[in-house]
Amino acid sequence: MPLIAVTCRHSHQQGVSHIQDAYVQAVEKAGGLPVILPPSLSPAASVDILSRMDGLFLSGGSDLSPSFFGKPPHPRLGEVEALRDEQEIALVKAALGLGLPIFGICRGMQVINAALGGTILQHIDEDRVGAIQHRQEAPGWHRHHQVEIVPGTMLAAALGPGAIGVNSFHHQVVDQVAPGLTISAASPDGLVEAFESREPWILGVQWHPERMIARYPEFLGLFELFCSQCNNKSMQQ
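For the sequence shown, our numbering assigns the number 66 to the initial residue and increments by one for each residue that follows.
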(Lines of atoms letter the chains of each structure in order from A; the text may use other names.)
(Lines give C-alpha, C1' and ligand atoms only; values in the text may rest on other atoms or scores of the structure.)
Protein backbone atom coordinates (compact mmCIF):
# COMPACT_ATOMS: atom_id res chain seq x y z
CA MET A 66 0.00 0.00 0.00
CA PRO A 67 1.37 3.44 -0.91
CA LEU A 68 2.33 5.87 1.84
CA ILE A 69 0.33 9.10 1.56
CA ALA A 70 1.46 12.30 3.29
CA VAL A 71 -1.68 14.02 4.61
CA THR A 72 -1.78 17.62 5.82
CA CYS A 73 -4.02 18.81 8.65
CA ARG A 74 -5.26 21.87 10.55
CA HIS A 75 -3.45 23.71 13.32
CA SER A 76 -4.65 25.96 16.14
CA HIS A 77 -1.97 28.40 17.27
CA GLN A 78 -4.03 29.46 20.28
CA GLN A 79 -4.53 25.91 21.55
CA GLY A 80 -1.25 24.45 20.32
CA VAL A 81 -3.14 21.57 18.71
CA SER A 82 -3.10 19.96 15.27
CA HIS A 83 -6.14 17.98 14.12
CA ILE A 84 -7.86 16.43 11.11
CA GLN A 85 -11.37 15.22 10.35
CA ASP A 86 -11.72 11.44 10.33
CA ALA A 87 -13.34 11.42 6.89
CA TYR A 88 -10.08 12.34 5.14
CA VAL A 89 -8.09 9.56 6.79
CA GLN A 90 -10.84 7.00 6.25
CA ALA A 91 -11.20 7.89 2.56
CA VAL A 92 -7.46 7.52 1.90
CA GLU A 93 -7.41 4.14 3.66
CA LYS A 94 -10.55 2.88 1.87
CA ALA A 95 -8.96 3.84 -1.44
CA GLY A 96 -5.90 1.71 -0.71
CA GLY A 97 -3.47 4.21 0.79
CA LEU A 98 -1.71 4.40 4.15
CA PRO A 99 -2.22 7.95 5.50
CA VAL A 100 0.70 9.59 7.30
CA ILE A 101 -0.39 12.81 9.05
CA LEU A 102 2.05 15.73 8.92
CA PRO A 103 1.13 18.30 11.61
CA PRO A 104 1.94 21.93 10.74
CA SER A 105 3.98 22.16 13.95
CA LEU A 106 6.68 20.28 12.03
CA SER A 107 9.12 22.62 10.31
CA PRO A 108 8.83 22.84 6.52
CA ALA A 109 12.27 21.20 6.26
CA ALA A 110 11.24 18.23 8.42
CA SER A 111 7.95 17.93 6.54
CA VAL A 112 9.77 17.79 3.20
CA ASP A 113 12.21 15.21 4.60
CA ILE A 114 9.28 12.96 5.53
CA LEU A 115 7.63 13.62 2.16
CA SER A 116 10.72 12.28 0.39
CA ARG A 117 9.85 8.85 1.82
CA MET A 118 6.20 9.02 0.72
CA ASP A 119 4.43 8.00 -2.49
CA GLY A 120 1.98 10.90 -2.72
CA LEU A 121 0.79 14.16 -1.15
CA PHE A 122 -2.81 14.82 -0.04
CA LEU A 123 -3.78 18.36 0.99
CA SER A 124 -6.90 18.52 3.16
CA GLY A 125 -9.35 21.40 3.58
CA GLY A 126 -9.26 24.12 6.22
CA SER A 127 -9.00 27.85 6.77
CA ASP A 128 -8.08 30.66 4.37
CA LEU A 129 -4.69 30.77 2.67
CA SER A 130 -2.74 33.97 3.36
CA PRO A 131 -2.94 36.22 0.26
CA SER A 132 0.79 36.89 0.63
CA PHE A 133 1.30 33.57 -1.16
CA PHE A 134 -0.48 34.79 -4.30
CA GLY A 135 0.61 38.41 -4.29
CA LYS A 136 -2.57 40.11 -3.06
CA PRO A 137 -3.36 42.36 -0.07
CA PRO A 138 -5.67 40.89 2.59
CA HIS A 139 -9.39 41.25 1.81
CA PRO A 140 -11.57 42.77 4.59
CA ARG A 141 -13.44 39.44 4.73
CA LEU A 142 -10.31 37.30 5.02
CA GLY A 143 -10.92 34.58 7.60
CA GLU A 144 -8.62 32.70 9.94
CA VAL A 145 -5.11 32.13 8.59
CA GLU A 146 -2.94 29.25 9.83
CA ALA A 147 0.56 30.67 9.27
CA LEU A 148 2.50 27.50 10.10
CA ARG A 149 0.26 25.43 7.85
CA ASP A 150 0.57 27.88 4.96
CA GLU A 151 4.36 27.72 5.05
CA GLN A 152 4.38 23.94 5.40
CA GLU A 153 1.93 23.20 2.60
CA ILE A 154 3.47 25.57 0.05
CA ALA A 155 6.84 23.93 0.73
CA LEU A 156 5.31 20.45 0.44
CA VAL A 157 3.67 21.15 -2.92
CA LYS A 158 6.90 22.49 -4.40
CA ALA A 159 8.85 19.54 -3.01
CA ALA A 160 6.29 17.03 -4.29
CA LEU A 161 6.66 18.46 -7.78
CA GLY A 162 10.42 18.04 -7.57
CA LEU A 163 10.03 14.47 -6.33
CA GLY A 164 7.49 13.59 -9.01
CA LEU A 165 4.81 12.65 -6.47
CA PRO A 166 1.08 12.65 -7.28
CA ILE A 167 -0.76 15.54 -5.56
CA PHE A 168 -4.45 15.66 -4.59
CA GLY A 169 -6.00 18.73 -2.95
CA ILE A 170 -9.49 19.32 -1.57
CA CYS A 171 -11.04 22.79 -1.04
CA ARG A 172 -8.25 24.81 0.62
CA GLY A 173 -5.84 22.13 -0.63
CA MET A 174 -6.80 22.90 -4.22
CA GLN A 175 -6.20 26.60 -3.60
CA VAL A 176 -2.78 25.92 -2.04
CA ILE A 177 -1.74 23.94 -5.12
CA ASN A 178 -2.83 26.80 -7.37
CA ALA A 179 -0.95 29.42 -5.35
CA ALA A 180 2.21 27.30 -5.13
CA LEU A 181 2.23 26.95 -8.92
CA GLY A 182 1.72 30.66 -9.59
CA GLY A 183 -2.06 31.04 -9.75
CA THR A 184 -4.28 33.42 -7.77
CA ILE A 185 -7.26 33.13 -5.41
CA LEU A 186 -10.53 35.08 -5.32
CA GLN A 187 -10.69 36.01 -1.63
CA HIS A 188 -14.43 36.52 -1.07
CA ILE A 189 -16.87 35.26 -3.70
CA ASP A 190 -19.93 37.20 -2.49
CA GLU A 191 -18.22 40.57 -3.00
CA ASP A 192 -15.72 39.77 -5.75
CA ARG A 193 -17.89 37.88 -8.26
CA VAL A 194 -21.18 39.44 -9.38
CA GLY A 195 -23.88 36.86 -10.02
CA ALA A 196 -22.21 34.05 -8.11
CA ILE A 197 -24.40 31.37 -6.55
CA GLN A 198 -24.15 30.53 -2.85
CA HIS A 199 -21.06 28.43 -2.14
CA ARG A 200 -21.33 28.06 1.66
CA GLN A 201 -24.11 25.62 2.47
CA GLU A 202 -25.76 25.17 5.86
CA ALA A 203 -27.02 21.68 5.00
CA PRO A 204 -25.29 18.44 6.12
CA GLY A 205 -21.96 17.61 4.53
CA TRP A 206 -23.37 14.91 2.27
CA HIS A 207 -25.98 17.24 0.75
CA ARG A 208 -25.68 18.03 -2.98
CA HIS A 209 -25.76 21.84 -2.73
CA HIS A 210 -25.18 22.74 -6.37
CA GLN A 211 -24.09 21.14 -9.62
CA VAL A 212 -20.75 21.25 -11.38
CA GLU A 213 -20.17 20.50 -15.04
CA ILE A 214 -17.34 18.02 -15.59
CA VAL A 215 -15.30 18.41 -18.77
CA PRO A 216 -15.32 15.28 -20.98
CA GLY A 217 -11.98 13.56 -21.53
CA THR A 218 -10.49 14.66 -18.21
CA MET A 219 -9.23 12.46 -15.38
CA LEU A 220 -12.13 13.78 -13.33
CA ALA A 221 -14.56 12.56 -15.97
CA ALA A 222 -12.88 9.15 -15.93
CA ALA A 223 -13.52 8.92 -12.18
CA LEU A 224 -17.03 10.43 -11.95
CA GLY A 225 -18.28 10.53 -15.53
CA PRO A 226 -18.70 13.61 -17.78
CA GLY A 227 -21.56 16.08 -17.51
CA ALA A 228 -23.34 17.53 -14.48
CA ILE A 229 -23.03 16.13 -10.97
CA GLY A 230 -24.28 17.47 -7.62
CA VAL A 231 -21.66 18.35 -5.00
CA ASN A 232 -21.49 19.94 -1.56
CA SER A 233 -19.96 23.38 -1.03
CA PHE A 234 -18.20 24.96 1.97
CA HIS A 235 -16.03 27.84 0.78
CA HIS A 236 -15.94 31.61 0.36
CA GLN A 237 -12.62 31.66 -1.51
CA VAL A 238 -12.02 30.06 -4.89
CA VAL A 239 -9.38 29.70 -7.60
CA ASP A 240 -9.27 32.82 -9.78
CA GLN A 241 -6.42 32.66 -12.30
CA VAL A 242 -5.48 29.02 -12.83
CA ALA A 243 -1.75 28.36 -12.54
CA PRO A 244 0.23 27.53 -15.70
CA GLY A 245 0.15 23.82 -16.51
CA LEU A 246 -3.21 23.17 -14.87
CA THR A 247 -6.38 22.44 -16.86
CA ILE A 248 -9.89 23.25 -15.61
CA SER A 249 -11.88 20.02 -15.37
CA ALA A 250 -15.11 21.26 -13.73
CA ALA A 251 -16.98 24.53 -13.17
CA SER A 252 -20.06 25.62 -11.23
CA PRO A 253 -23.10 27.21 -12.95
CA ASP A 254 -21.69 30.70 -12.25
CA GLY A 255 -18.45 29.87 -14.06
CA LEU A 256 -16.23 29.47 -11.00
CA VAL A 257 -13.48 26.85 -11.11
CA GLU A 258 -14.53 23.72 -9.21
CA ALA A 259 -11.74 21.34 -10.27
CA PHE A 260 -8.45 21.33 -12.14
CA GLU A 261 -5.87 18.73 -13.05
CA SER A 262 -2.61 17.86 -14.74
CA ARG A 263 -1.50 14.49 -16.06
CA GLU A 264 2.24 15.23 -15.95
CA PRO A 265 3.02 16.07 -13.22
CA TRP A 266 -0.02 14.27 -11.78
CA ILE A 267 -2.23 16.78 -9.97
CA LEU A 268 -5.92 16.79 -9.06
CA GLY A 269 -7.75 19.52 -7.16
CA VAL A 270 -11.46 19.75 -6.32
CA GLN A 271 -13.23 22.60 -4.53
CA TRP A 272 -15.94 20.49 -2.92
CA HIS A 273 -15.54 17.89 -0.14
CA PRO A 274 -15.92 14.38 -1.61
CA GLU A 275 -14.81 12.79 1.67
CA ARG A 276 -18.04 13.98 3.32
CA MET A 277 -20.22 12.48 0.58
CA ILE A 278 -18.78 8.96 0.28
CA ALA A 279 -21.06 7.31 2.86
CA ARG A 280 -24.17 8.34 0.91
CA TYR A 281 -22.67 8.61 -2.58
CA PRO A 282 -19.92 5.96 -2.88
CA GLU A 283 -18.92 7.15 -6.35
CA PHE A 284 -16.96 9.99 -4.75
CA LEU A 285 -14.50 7.44 -3.36
CA GLY A 286 -13.40 7.14 -6.99
CA LEU A 287 -11.40 10.37 -6.66
CA PHE A 288 -9.36 8.90 -3.82
CA GLU A 289 -8.98 5.61 -5.69
CA LEU A 290 -7.68 7.44 -8.75
CA PHE A 291 -5.14 9.29 -6.60
CA CYS A 292 -4.04 6.23 -4.61
CA SER A 293 -3.66 4.25 -7.83
CA GLN A 294 -1.19 6.85 -9.07
CA CYS A 295 0.61 6.77 -5.73
CA ASN A 296 0.82 2.98 -5.93
CA ASN A 297 2.41 3.28 -9.38
CA LYS A 298 4.98 5.64 -7.87
CA SER A 299 5.63 3.16 -5.05
CA MET A 300 6.18 0.31 -7.53
CA GLN A 301 8.78 2.38 -9.39
CA GLN A 302 10.96 2.81 -6.31
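We treat Cβ as the ideally placed atom computed from N, Cα and C, and that holds for glycine.
How is the beta strand (DSSP E) around residue i delimited, first residue to last?
i	result
proline 99	98-102
glutamate 151	Here glutamate 151 belongs to no beta strand (DSSP E); instead the alpha helix (DSSP H) covers 147-163.
alanine 70	68-72
serine 127	Premise fails: serine 127 is in no beta strand (DSSP E) and is neither H nor E.
serine 105	It is not in any beta strand (DSSP E) - serine 105 carries neither H nor E in the DSSP assignment.
isoleucine 267	267-270
Do you know how far the Cα of residue j is from the Cα of residue i?
i	j	result
aspartate 86	glutamate 93	11 angstroms
proline 108	leucine 156	7 angstroms
asparagine 232	glycine 225	17 angstroms
cysteine 73	histidine 236	19 angstroms
leucine 106	histidine 75	11 angstroms
glutamate 264	proline 166	9 angstroms
threonine 218	serine 249	6 angstroms
glycine 230	arginine 208	5 angstroms
serine 111	leucine 148	12 angstroms
methionine 174	glycine 126	11 angstroms
cysteine 295	leucine 163	12 angstroms
lysine 298	serine 262	16 angstroms
valine 215	phenylalanine 260	10 angstroms
For the candidate residues the options, whose alpha-carbon lies nearest to that of residue i?
i	options	result
leucine 121	Leu181, Lys158, Pro204	Lys158
leucine 129	Met118, Trp272, Gln152, Val112	Gln152
arginine 280	Val215, Ser252, Pro204, Met300	Pro204
histidine 188	Phe234, Arg208, Leu220, Gln78	Phe234
aspartate 254	Gln211, Ser124, His77, Gly126	Gln211
isoleucine 69	Ala91, Val176, Pro99, Ile214	Pro99
histidine 83	Ile101, Ile229, Arg276	Ile101
alanine 95	Glu213, Ile154, Ala223	Ala223
leucine 285	Leu186, Met66, Pro103, Leu220	Leu220
valine 176	Ser262, Ile154, Ile214	Ile154
isoleucine 114	Ser132, Ser127, His77, Ala160	Ala160
isoleucine 267	Arg117, Ser111, Gln79, Cys292	Cys292
serine 132	Tyr88, Glu146, Asp119	Glu146
leucine 123	Phe134, Ala91, Pro137	Ala91
methionine 277	Val71, Ile170, Val81, Gln78	Ile170
leucine 290	Glu213, Phe168, Val238	Phe168
histidine 77	Pro67, Pro104, Met66	Pro104
glutamate 258	Gln301, Asn178, Phe288, Glu283	Asn178
Span of the alpha helix (DSSP H) holding residue i?
i	result
glutamate 275	Element bounds for glutamate 275: n/a, residue is neither H nor E.
leucine 121	No alpha helix (DSSP H) holds leucine 121; the beta strand (DSSP E) holding it covers 120-123.
tyrosine 281	Here tyrosine 281 belongs to no alpha helix (DSSP H), and DSSP marks it neither H nor E.
*At least three beta-carbon pairs within less than 8 angstroms, the stretch 245-265 to the stretch 175-185*: Flag = yes, the stretch 245-265 and the stretch 175-185 touch.
*Every unbroken alpha helix (DSSP H) inside the stretch 169-256 [4 residues or more]*: Within the stretch 169-256, complete alpha helix (DSSP H) segments of at least 4 residues are found at 172-180, 189-192, 219-224, given in chain order.
*asked:* When you compare the stretch 269-280 with the stretch 136-144, are there three or more beta-carbon pairs, one atom per stretch, that lie closer than 8 angstroms?
replied: No, they do not touch.
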